[in-house]
Amino acid sequence: MSQQPSQEELRVVMLGSIESGKTSVINTLLGHTGSDLGKRTVNCVRKEGEVRGRKLILVDTPGWWRNFSLIDTAEFKKRKLMLSVCKCPPGPHAFILTVKIDNPFTENNRRAIEEHLSLFGESIWERTIVVFTIIRDVLGAETMEALVDENLEQYIESGGETLKWLVRKCGNRYCVLKHDSKQISQLLEKIEGVVAKNHGGYFQLDEKVLKKIEEKKKANEEKARSRRLIVARQREGSKSEIQILLLGWVCSRKTMARNIILNLKENIGWRRTIQTNRKSGIVAGRLVSVVDTPGWWKYFSGQFTQEWMKTELRRSVTLDGKNPHAILLAVPADTTFLEEQRKITEDNMKIFGEHVWRHTMVLFTCGDLLGDTSIEEHIEYEGAPLQWLVEKCGNRYHVLGKDQGGESSQVTELLEKVEEMVATNSMFSLHEESQTPEVEEMAEEPDETNAEVVRFLDQEWNRMDKQMEETVKSICSQTLVLEGNRSIDDFPDHNEPFTDTSGNERLSTKCISPLTINPPVADGEGPADLSEQAEGETLERVREMLEREWSRQEVVVRERLHEILSEQHTPAGLSSESDESDQS
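If you want this note's numbering, it's the 1-based position in the sequence shown plus 950.
Set out below in structure tokens:
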């Protein structure tokens, strides 16, 4: 921690989830116009100006997914967050934690904040100020603003124990900041109060931690360079018609990738892909066909993959009588890839046989969120599970992102890599010899307990999907007439406390919420197959994993809806076709 800083200078690091208003707070404090509003912060950015006669240095940082635990945040993003303190040497006097006020503040949100701030150590809480933000371009913001103006303390009290915990953890340092507010002085006083309490000192990461980060950074950069050289040596191929098959878990952004590859401008529906479908187009002077498929679960093993999905996946290989030249396995680049995901991916790929890997390339989606981190560095930072996947695919990988200003070049490069595979492999097909014991085992009927879980997951996801779509349409309709008091975040709350209902109904006959799971019971009998304790643990695990599955889809839909409302799109331009979903 600090020695003596310059008393004319205040240094602050901004922290918070995606779209929590970090950049807006910076622009408000520095009096900037906010030309960068609406753009995702992907790198740590230092901004400075003079406020009330003092130099103010603010460091913007990448946000984490609002409902996601630290374990789901990519390693490169964790590194950027930790190194943010080095952007304002010798170190920040304070941290501002932004919390968007028109969002419900759930236990998941609280846990996400606690876990991400733990990267800096326990002492960070002594220097953290909670700043509640209000985004004025969403419905209901003015109503919420009026409520907060009346009594901020009452708002915190009504937020429940989760919000009160956060405020207490930050030493009851909090305020609200609006785009047009006069409350800059109040926030500056809070910052100065933190400086005074810490005797003018500043925050520093432990030297050993910083040294370890830098050593790992250098090692990974060297490995990344080596990986790029290996890929470069593999580059050659012939131009021909290209057939591509997209695979991946739900919300891996397969449909978005398909639209980028084919340069399709069509709107994407809100619900997940449920049917295999083909789209074609002329790309770089050649015919390219891309087959989109339903996504398997990210957190549930292959034994919980629905039978209808397995059927669609098998059908995708010979759709319209055409076999794929290449299989692109979609993996979002902005989230972590653990051993859990490695096993689940391998498990679901077994349906195609072991030889499928010779025809598969890893397609990193959401590449625009990597910022200044190369994909090779990301692979090295994630460690063994992701490295295994890339190497299982013969070190074939590509990164694809939107809004990068170079979509045509990244697509051209992707097609060149696919052509390399065409030059060395024949088309992929399902052979009888591919039906290994592992594939046959996967095709077997699941036991009754697992079958009940499979049915529950499918029914519950469809219910939440439909409810989400109806909410989105309602919000868009209100936007058209510029009235109503609902915010963009007025979504169904799927994070209700676990409730054990009576009656012992089966999972397949009564699904109230992802947190209300009734134990599977044989007709007229007691608990089936599992002891009561083991069964309860299993159901709790199912509840937790379904919550994780849904949270990314909810965040993605919020993000897309925010973009559409910002651009003042109309509901007429929104597709509700379930087979055209960006959630695939």
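Every residue, glycine too, gets a C-beta built ideally from N, C-alpha and C. No experiment lies behind these values; they were computed from the predicted model shown.
Express the C-alpha separation of residue j and residue i in angstroms, rounding to a whole number.
i	j	result
residue 1279	residue 1196	6 angstroms
residue 1379	residue 1057	47 angstroms
residue 1276	residue 1339	16 angstroms
residue 1273	residue 1175	34 angstroms
residue 980	residue 1266	54 angstroms
residue 966	residue 978	16 angstroms
residue 1052	residue 1084	7 angstroms
residue 1177	residue 1332	15 angstroms
residue 1427	residue 1420	11 angstroms
residue 1226	residue 1268	11 angstroms
residue 1120	residue 1147	13 angstroms
residue 1222	residue 1205	10 angstroms
residue 1054	residue 1301	41 angstroms
residue 1526	residue 976	Reliability of the predicted coordinates at residue 1526 is poor, the pLDDT of 38 falling under 50, and the value obtained from them is presented with this limitation in mind. Rounded to the nearest angstrom, the two C-alpha atoms are 37 angstroms apart.
residue 1034	residue 996	9 angstroms
residue 1059	residue 1193	42 angstroms
residue 1038	residue 1424	45 angstroms
residue 1411	residue 1243	17 angstroms
residue 1471	residue 1398	Its pLDDT being 37, under 50, residue 1471 is placed unreliably in this model, and the coordinates cannot settle the point.
residue 1082	residue 1154	26 angstroms
residue 1263	residue 1070	44 angstroms
residue 1326	residue 1067	26 angstroms
residue 1207	residue 1123	43 angstroms
residue 1203	residue 1181	24 angstroms
residue 1361	residue 1211	6 angstroms
residue 1490	residue 1497	11 angstroms
residue 973	residue 983	11 angstroms
residue 1116	residue 1336	34 angstroms
residue 1310	residue 1199	15 angstroms
residue 1046	residue 1080	6 angstroms
So what does DSSP say about residue i, is it helix, strand or coil?
i	result
residue 1453	Interpretation of residue 1453 is limited by its pLDDT of 33, a score under 50 that renders its predicted location unreliable; no figure is taken from the coordinates.
residue 1348	strand
residue 1109	coil
residue 1277	strand
residue 1075	helix
residue 1247	coil
residue 1127	strand
residue 966	strand
residue 1236	strand
residue 1292	helix
residue 1510	helix
residue 1149	coil
residue 1316	coil
residue 1101	coil
residue 1322	coil
residue 1335	helix
residue 1120	coil
residue 1380	coil
residue 1303	coil
residue 1343	coil
residue 1298	helix
residue 1268	coil
residue 1515	helix
Spell out the partners DSSP gives residue i in its beta bridges.
i	result
residue 1258	Residue 1258 is not bridged to any residue.
residue 961	1007
residue 1311	1278
residue 1228	1241
residue 1081	1048 and 1125
residue 1285	1023
Comparing the CB of residue i with every heavy atom of the ligand ATP, is any distance shorter than 7 angstroms?
i	result
residue 1257	The ligand ATP is not part of this structure, which contains no ligands at all.
The region 1072 to 1081 touching the region 1011 to 1027, judged by at least three CB pairs closer than 8 angstroms: Counting C-beta pairs closer than 8 angstroms gives fewer than three between the region 1072 to 1081 and the region 1011 to 1027, which falls short of the contact rule.
Any 3 or more C-beta pairs closer than 8 angstroms across the region 991 to 1004 and the region 959 to 976: At 8 angstroms Cβ cutoff, the stretches touch.
Length at least 3, wholly inside the region 1151 to 1219: the beta strand (DSSP E) runs in chain order: Runs of the beta strand (DSSP E) spanning 3 or more residues and lying entirely within the region 1151 to 1219 occur at 1192 to 1198, in chain order.
Length-filtered (4 minimum) alpha helix (DSSP H) runs lying within the region 974 to 1047: Taken in chain order, the unbroken stretches of alpha helix (DSSP H) that lie wholly in the region 974 to 1047 and span 4 residues or more are 1025 to 1033.
Contact the region 1249 to 1257 vs the region 1403 to 1417: 3+ CB pairs below 8 angstroms: Enough Cβ pairs lie closer than 8 angstroms, so yes.
Given 8 angstroms, three or more beta-carbon pairs between the region 1287 to 1295 and the region 1237 to 1254: With contact defined as three or more Cβ pairs closer than 8 angstroms, the region 1287 to 1295 and the region 1237 to 1254 are in contact.
Validate contact between the region 1010 to 1024 and the region 1123 to 1142 using beta carbons, cut 8 angstroms, 3 pairs: As far as the Cβ criterion goes, the region 1010 to 1024 does not touch the region 1123 to 1142, which means the pair count is below three.
Segment contact flag, the region 1226 to 1237 with the region 1360 to 1369, C-beta cutoff 8 angstroms, min 3 pairs: Pairwise C-beta distances place the region 1226 to 1237 in contact with the region 1360 to 1369, as three or more of them are shorter than 8 angstroms.
Segment contact flag, the region 1011 to 1018 with the region 1486 to 1505, C-beta cutoff 8 angstroms, min 3 pairs: As far as the Cβ criterion goes, the region 1011 to 1018 touches the region 1486 to 1505, which means the pair count is three or higher.
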